[in-house]
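Enquirer:
There are 2 protein chains.
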Amino acid sequence: MSTQTRRERERAERERAIIAAARDLALAEGWDAVTTRRLAAEIEYSQPVLYSHFKGKDAIMAAVAVEGFAELADALATARASAASPRQAVADVAAAYTTFAEQRPALYDAMFTLAVDLPFASQDVPTDLARGFAELADAVRPIAGDDDLEAVTETFWSGLHGLVTLMRSGRLRREGHGRRLAVLVDRFSR
Amino acid sequence: MSTQTRRERERAERERAIIAAARDLALAEGWDAVTTRRLAAEIEYSQPVLYSHFKGKDAIMAAVAVEGFAELADALATARASAASPRQAVADVAAAYTTFAEQRPALYDAMFTLAVDLPFASQDVPTDLARGFAELADAVRPIAGDDDLEAVTETFWSGLHGLVTLMRSGRLRREGHGRRLAVLVDRFSR
DNA sequence: CAGCAACGCTAGCGGTGCTAGAGTTTCGGT
DNA sequence: ACCGAAACTCTAGCACCGCTAGCGTTGCTG
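Going down the list, the sequences are from chains A and B. First residue of the first sequence: 38, per the working numbering; consecutive thereafter. First residue of the second sequence: 38, per the working numbering; consecutive thereafter.
1. Please report how far the alpha carbon of A/Phe170 lies from the alpha carbon of A/Val162, in whole angstroms.
2. Please look up how many angstroms separate the CB atoms of B/Val222 and B/Ala128, rounded, as I've assumed it's under 8 Å.
3. Roughly how many whole angstroms lie between the Cα atoms of A/Ala112 and A/Phe106?
4. What is the DSSP secondary structure of B/Arg183, counted as helix, strand or coil?
5. Specify, as a first and last residue, the run of the alpha helix (DSSP H) that B/Ser226 falls within.
6. Assign B/Ala121 to one of three DSSP states: helix, strand, or coil.
7. By a C-beta neighbour count over all protein chains shown, 10 Å radius and 16 as the cutoff for buried, is A/Gly199 buried or exposed?
8. Just to check, is the beta-carbon of B/Phe225 closer than 8 Å to a non-hydrogen atom of the ligand COA?
9. Give me, in chain order, the residues of the same chain whose beta-carbon lies closer than 6 Å to that of B/Ala133; leave out the 5 immediate sequence neighbours on both sides.
10. Can a CB atom of chain A be found closer than 9 Å to the CB of B/Gly196?
11. Name the chain B residues whose beta carbon is nearer than 8 Å to that of A/Gly199?
12. Pair every Cβ in the segment 41-57 of chain B with every Cβ in the segment 201-219 of chain B, then say whether three or more of these pairs are closer than 8 Å.
13. Near A/Met38, which residues of its chain fall below 7 Å by C-beta distance, leaving aside the five closest residues on each side in sequence?
14. Taking the beta carbon of B/Gly93 as the centre, do at least 16 other beta carbons fall within 10 Å, making it buried, or is it exposed?
15. Examine chain B for any beta-carbon lying closer than 9 Å to the beta-carbon of A/Met38, and answer yes or no.
16. Quick check: B/Val130 and B/Ala167, are their CB atoms within less than 9 Å of each other?
17. Quick one, which of B/Arg224, B/Pro179, B/Val189, B/Ala152 has its alpha-carbon nearest A/Asp185's?
18. Could you give the DSSP three-state label for A/Lys283: helix, strand or coil?
19. Can you tell me where the alpha helix (DSSP H) with B/Val162 in it begins and where it stops?
20. In whole angstroms, what separates the C-alpha of B/Arg124 from that of B/Ala174?
21. Please state if the CB of B/Arg217 and the CB of A/Thr192 are separated by a distance shorter than 9 Å.
22. Indicate whether at least one CB of chain B lies closer than 9 Å to the CB of A/Ile56.
23. At what residues does the alpha helix (DSSP H) containing B/Ala143 begin and finish?
24. Tell me which residues of the segment 164-187 of chain A have at least one Cβ-Cβ distance to chain B shorter than 8 Å, keeping chain order.
25. Once DSSP output is grouped into helix, strand and coil, what is the label at A/Ile108?
26. Check whether the Cβ atoms of A/Asp120 and A/Pro179 sit closer than 9 Å, and answer yes or no.
27. CA-CA distance, B/Glu139 and A/Glu81?
28. Could you say which of B/Tyr88, B/Leu109, B/Phe137 lies nearest to B/Glu172 if we only look at CA atoms?
29. Go ahead and pull the three-state DSSP assignment for B/Glu79.
30. Put A/Gly196 into one of helix, strand or coil per three-state DSSP.
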């Protein structure tokens, strides 16, 4: 029993190492730099080992994204909790969202622009993803008015996502971000 | 002189054929299916010929995107021109934008999510891209109020872009699109 | 201690974007 | 009319990608 548990533990540690290596490499050099060969070298094992843990590279990216959902949900919860007023909560949550995307671009990509397949149909992803969405919805609720809360939240989220992705890809100049964010919050708050 | 002009003409036609083949292939099977080998086979030349016309695959995608900018600008102009009122113009332009993205996903990807490098620093792209943006700005102007028009337009554009990309990647259910679009337009119009 | 099962390795497959160098065709000057 | 040069397109190949078959070793179990 002890040897088996040890091997299971070692295996779990190695899986964590893979995810950590993928995350670090992506944050440092972008997802293009994350190849199975570099990942294998990083954890000091051969390539096929990766495939005994994950179905493929997409699954590894999905695992990294899962961590990101938890972090984003935490960031949004913190922002909402420390806001002085409901109106301020919307602005703070919005700012926290774009800041998260700006500071962890590779993580944001894995969560929302790449890795389309696996994570959304999985089991534990909806938990943290739904938590983040719920934070957004709670912030939006006071300003939803007569509109359907889910629709307003999704639309507000889309606005944030659009701001983030268009700025990150160079379509929007970075210097106007604050003003655009203020416009978005204001238009949804009035 | 005549032979030289003939060769130049043939060369121009071949360049158009490359762009058309890339566009058709991308629309039919997505950009992943667009490889330099398939492209070369499609135009019935060898691979290296592509590189005598374009710097690389990205440049080919950028050329396809350029065509897209013109089409999008036309679609927005048509929608705005046929609108009964300024308020209706915003809604119609927004609908035209998301419809364009929905019906030509590969084209939209080339324009706004892939091919980050080349097109925006180029010469003729800003023309059609600016034209599309101007259509958006003209539609938004009556509802800009005291806010800076450019900031409002960029933010409204971000909302549309976010709706489109999140829906296309499966993050937003397709059935709620109409309601979300109405929310966006309404929040910006009031 | 023998047999077996689990494990991680080397080697390789088919694919990618891209390029060097050879071979062919066409042009321009004598 | 011919021949050297320039322009052009091809074949072949490079380095890389994600992924996998099959072998060899290791360590557990009866």
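The beta carbon of each residue, even a glycine, is placed where N, CA and C say it ideally should be.
Expert: With the given structure in hand:
1. Residue numbering aside, residue 170 of chain A sits at position 133 when the first sequence is read from its first letter. Residue numbering aside, residue 162 of chain A sits at position 125 when the first sequence is read from its first letter. Between A/Phe170 and A/Val162, the C-alpha separation is close to 12 Å.
2. Here residue 222 of chain B is taken as the residue at index 185 of the second sequence, counted from 1. Here residue 128 of chain B is taken as the residue at index 91 of the second sequence, counted from 1. Between B/Val222 and B/Ala128 the beta-carbon gap is near 5 Å, inside 8 Å, which marks them as a contact.
3. One-based indexing of the first sequence puts residue 112 of chain A at position 75. One-based indexing of the first sequence puts residue 106 of chain A at position 69. In a straight line, the C-alpha of A/Ala112 is about 10 Å away from that of A/Phe106.
4. For the purposes of this step, residue 183 of chain B is taken as the residue at position 146 of the second sequence. It is Asp, not Arg, that sits at residue 183 of chain B in the sequence shown. Assigned with DSSP and collapsed to three states, B/Asp183 falls in coil, not helix or strand.
5. Sequence index remark: in the second sequence, residue 226 of chain B carries index 189 (1-based). Taken as a continuous stretch (DSSP letters only), the alpha helix (DSSP H) holding B/Ser226 covers 214-226.
6. The sequence position of residue 121 of chain B within the second sequence is 84, counting from 1. Three-state result, B/Ala121: coil.
7. Looking up residue 199 of chain A in the first sequence gives position 162. Buried, since its Cβ has 16 or more Cβ neighbours within 10 Å.
8. Although the ligand COA was asked about, the structure shown includes no ligands whatsoever.
9. Counting from one through the second sequence, the residue named residue 133 of chain B turns up at place 96. Excluding positions up to five away in sequence, the list reads Ala112, Leu113, Ala116.
10. The residue labelled residue 196 of chain B in the question sits at position 159 within the second sequence. Output row for B/Gly196: interface = yes.
11. For this step, residue 199 of chain A is matched to residue 162 along the first sequence. Under the 8 Å cutoff, chain B gives Trp194, Ser195, Gly196, Leu197, His198, Gly199, Leu200, Thr202.
12. no
13. Working through the first sequence from its first residue, we reach residue 38 of chain A at position 1. With a pLDDT of 47 at A/Met38, under the threshold of 50, the predicted position of this residue should be treated as unreliable, though the coordinate-derived value follows. Closer than 7 Å at the Cβ level, and outside the excluded window around A/Met38, lies no residue.
14. Counted from its first residue, the second sequence places residue 93 of chain B at position 56. Exposed: under 16 other Cβ atoms inside 10 Å.
15. For the purposes of this step, residue 38 of chain A is identified with residue 1 of the first sequence, where counting begins at 1. For A/Met38, the pLDDT reaches just 47, beneath the cut-off of 50, and the residue's location in the model is therefore unreliable, leaving the point undetermined.
16. The sequence position of residue 130 of chain B within the second sequence is 93, counting from 1. The sequence position of residue 167 of chain B within the second sequence is 130, counting from 1. No.
17. Here residue 185 of chain A is taken as the residue at index 148 of the first sequence, counted from 1. Of B/Arg224, B/Pro179, B/Val189, B/Ala152, the residue nearest in Cα terms is B/Arg224.
18. Outside the shown range of chain A (38 to 227) lies residue 283 of chain A, about which nothing can therefore be said.
19. Residue numbering aside, residue 162 of chain B sits at position 125 when the second sequence is read from its first letter. Bounds of the alpha helix (DSSP H) holding B/Val162 are 162-177.
20. Numbered from 1 along the second sequence, position 87 holds the residue referred to as residue 124 of chain B. Numbered from 1 along the second sequence, position 137 holds the residue referred to as residue 174 of chain B. Roughly 13 Å separates the two Cα atoms.
21. As a working mapping, residue 192 of chain A is identified with position 155 in the first sequence. As a working mapping, residue 217 of chain B is identified with position 180 in the second sequence. Result yes, Cβ atoms of A/Thr192 and B/Arg217 sit closer than 9 Å.
22. By 1-based counting over the first sequence, the position of residue 56 of chain A is 19. No, no contact with chain B.
23. Within the second sequence, numbered from 1, the residue matching residue 143 of chain B stands at position 106. 142-149 is the span of the alpha helix (DSSP H), which, as asked, contains B/Ala143.
24. Asp184, Asp185, Glu187
25. Mapped onto the first sequence, residue 108 of chain A falls at position 71. Ile is not the amino acid found at residue 108 of chain A; the sequence shown has Glu there. Helix, per DSSP.
26. Residue numbering aside, residue 120 of chain A sits at position 83 when the first sequence is read from its first letter. Residue numbering aside, residue 179 of chain A sits at position 142 when the first sequence is read from its first letter. What sits at residue 120 of chain A in the sequence shown is Ala, not Asp. Cβ atoms of A/Ala120 and A/Pro179: not closer than 9 Å.
27. Start at 1 with the first residue of the second sequence, and residue 139 of chain B comes out as number 102. Start at 1 with the first residue of the first sequence, and residue 81 of chain A comes out as number 44. In a straight line, the C-alpha of B/Glu139 is about 44 Å away from that of A/Glu81.
28. By 1-based counting over the second sequence, the position of residue 172 of chain B is 135. Across the set B/Tyr88, B/Leu109, B/Phe137, the C-alpha of B/Leu109 shows the shortest separation from the C-alpha of B/Glu172.
29. Stepping through the second sequence from its first residue, residue 79 of chain B is reached at position 42. Residue state, collapsed to three classes: helix.
30. As a first step, residue 196 of chain A must be located in the first sequence, where it is residue number 159. The answer is helix: DSSP assigns A/Gly196 an H, G or I state.
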